[in-house]
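Here is the structure we will look at, set down as structure tokens.
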Amino acid sequence: MRMRAFVGAAAAAAAMSMLGVTTAHADAVNPNDYMIGDTVYFNVGYAQCSIKPDGTTGCDIAPGIAKWLGIVPVSDLAIDVAFLPAHPTFGLLGPYGRSDAKSLPNSEFSSTISYAGATCSGGGRGGVGCTSKGHSFSFGWSGTTTT
417 MRMRAFVGAA AAAAAMSMLG VTTAHADAVN PNDYMIGDTV YFNVGYAQCS IKPDGTTGCD
477 IAPGIAKWLG IVPVSDLAID VAFLPAHPTF GLLGPYGRSD AKSLPNSEFS STISYAGATC
537 SGGGRGGVGC TSKGHSFSFG WSGTTTT
């Protein structure tokens, strides 16, 4: 009996896969709904982020959330030039986010926003991640990474 249940579950999963049905996904949002001037601004939990028209992406992060290289506490992360990996700017370039920006929808999984060649995802389990100019950063409950 258990073998039939296993085979039935495997067949159902295969059928869902072939039909394009997934069980985990990111909800894409329209960047025009988050546009202020020519920049997309959005908030995700403890982070205020933006994507500029040249693909520059950055987030201001609440204290105690992100640590660069696993040891240096940071209050922001950015991807601003293609020849550098994602990095903190330590506030030297001003804020990236706006407190009055709309929050990404808090769905069961995450929400994704794309603009000017950059893509950011946030929500779900409290993490934020962005890719642009061949680099990426992420921060949240699982730690902080930059590439």
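Counted from 1, the sequence shown has number 540 at position 124 by the working numbering; the numbering is strictly sequential. Ideal Cβ placement from N, Cα and C applies to all residues, glycine included.
1. By how many angstroms is the C-alpha of Thr-563 removed from the C-alpha of Phe-506?
2. Do Pro-521 and Gly-539 come within 8 Å of each other at the CB atom, strictly closer than that value?
3. In whole angstroms, give me the CA-to-CA distance for Gly-504 and Gly-486.
4. Inspect the beta-carbon positions of Asp-476 and Thr-528 and report whether they are closer than 8 Å.
5. Are the beta-carbon atoms of Ala-502 and Val-490 separated by less than 8 Å?
6. If you draw a straight line from the C-alpha of Ser-548 to the C-alpha of Gly-559, how long is it?
7. Can you list, in chain order, the residues of its chain with a C-beta nearer than 7 Å to that of Ser-530? Leave out the 5 residues immediately preceding and following it.
8. Whole-angstrom Cβ separation of Thr-473 and Ile-452, contact assumed at under 8 Å?
9. Starting from the Cα of Val-456, find the closest Cα among Arg-514, Phe-555, Gly-543 and give me that residue.
For this structure:
1. Stepping through the sequence shown from its first residue, residue 506 is reached at position 90. Stepping through the sequence shown from its first residue, residue 563 is reached at position 147. So the alpha carbons of these two residues sit roughly 17 Å apart.
2. The count along the sequence shown starts at 1 and reaches residue 539 at position 123. The count along the sequence shown starts at 1 and reaches residue 521 at position 105. A contact, by the Cβ cut-off of 8 Å.
3. Counted from its first residue, the sequence shown places residue 504 at position 88. Counted from its first residue, the sequence shown places residue 486 at position 70. The identity of residue 504 in the sequence shown is Pro, whereas the question assumes Gly. Roughly 13 Å between the two C-alpha positions.
4. As a working note, residue 476 is residue 60 in the sequence shown. As a working note, residue 528 is residue 112 in the sequence shown. No, these two residues do not count as a Cβ contact at 8 Å.
5. Looking up residue 502 in the sequence shown gives position 86. Looking up residue 490 in the sequence shown gives position 74. No. Outside cutoff.
6. Locating residue 548 in the sequence shown gives position 132, counting from the first residue. Locating residue 559 in the sequence shown gives position 143, counting from the first residue. Going by the C-alpha atoms only, they are around 20 Å apart.
7. To locate residue 530, count along the sequence shown from 1; it is residue 114. If we look at Ser-530 and ignore the five residues flanking it on each side, its Cβ neighbours are Pro-447.
8. Taking the sequence shown and counting its residues from 1, the one referred to as residue 473 is at position 57. Taking the sequence shown and counting its residues from 1, the one referred to as residue 452 is at position 36. About 15 Å; that fails the 8 Å criterion.
9. Against the sequence shown, residue 456 aligns to sequence position 40. Comparing Cα positions, the closest option is Arg-514.
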